[in-house]
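Data block below; observations after.
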Amino acid sequence: MRRDIRDEDLHDTLTSFYAIIAVDPLLAQYFEKVDMSIHMPRIVAFWSTLLFRTRSYSGNAFRPHLEMPGLTAEHFAFWVGSLESVVDESFAGPSASLMKEMAHRIAYSMQLRLGISPFEPFRATA
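Residue numbering for the sequence shown is 0 to 125, as defined by numbering that gives the first Met the number 0.
What follows is the structure in C-alpha cells.
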C-alpha cells in the first residue's frame, strides 16, 4: 500500500520527475542550460509551500516561463502527465492528490497567462 507524500519526499520525487523531463524531446530543450543542482531547492521549496504551507518559497514561479519561447498546450500536458505518473508510482493520499491537482491548476494558469489555449478545461474539485 502506498503512503501519502510528505515534505521530506519532495526532493527525491521532484528529482525523479525532472529526470524524465530532462530526456524528453519535447521539454528537454527548456532545461538544457539550467543547473538543476541549484534550481532543485527552489522547486522543492515551491512545492513545499503549496502542499505543506512551509512558506519556504519566495519568488515568482511564472517569470521563468516567459523566457521559454514556443511553449504549447502539449508541453503543459506532458509536464502534468509526467508529474502525475511520478507521484502515483509511490504515493496515494490527500497530499499526493493535492499535488496532482495543484499541477493542473499551475499548468492551466500559466497557459492562460502565456496566451495558450489550455490542454484541458480546469475543473476545481470540491
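Note that CB positions come from ideal geometry on N, CA and C, so glycine has one too.
Straight-line gap, residue i to residue j (C-alpha atoms, nearest Å)
i      : j      : result
Ile37  : Met98  : 22 Å
Arg62  : Pro24  : 23 Å
Arg112 : Ser96  : 24 Å
Ser108 : Ala60  : 11 Å
Leu70  : Gly80  : 16 Å
Gln28  : Ser15  : 18 Å
Val22  : Pro68  : 19 Å
Ile20  : Trp78  : 8 Å
Asp11  : Glu100 : 19 Å
Exposure of residue i, with buried meaning 16 or more beta-carbon neighbours within 10 Å
i      : result
Ser84  : exposed
Ala102 : buried
Val86  : buried
Ala125 : With a pLDDT of only 40 at Ala125, under 50, the local geometry of the prediction cannot be trusted, and the value read off the model is given with reservation. Label assigned to Ala125: exposed.
Within-7 Å CB hit, residue i to chain C
i     : result
Ala76 : In summary, chain C is missing from the structure at hand, where a single protein chain is found.
Chain-order list of residues whose beta-carbon lies under 8 Å from that of residue i (same chain, five-residue window excluded)
i      : result
Gly92  : Arg1, Arg2, Asp3 and Ile4
Tyr17  : Phe30, Met35, Met39 and Ile42
Thr48  : Arg54, Ser55 and Tyr56
Ser116 : Ala72 and Gln110
Leu26  : Ile20, His74, Phe77 and Trp78
Close beta carbons around residue i, own chain, < 6 Å, minus the five adjacent residues each side
i     : result
Ser94 : Asp3, Ile4 and Leu50
Phe75 : Ala106, Gln110 and Phe118
Trp46 : Leu9
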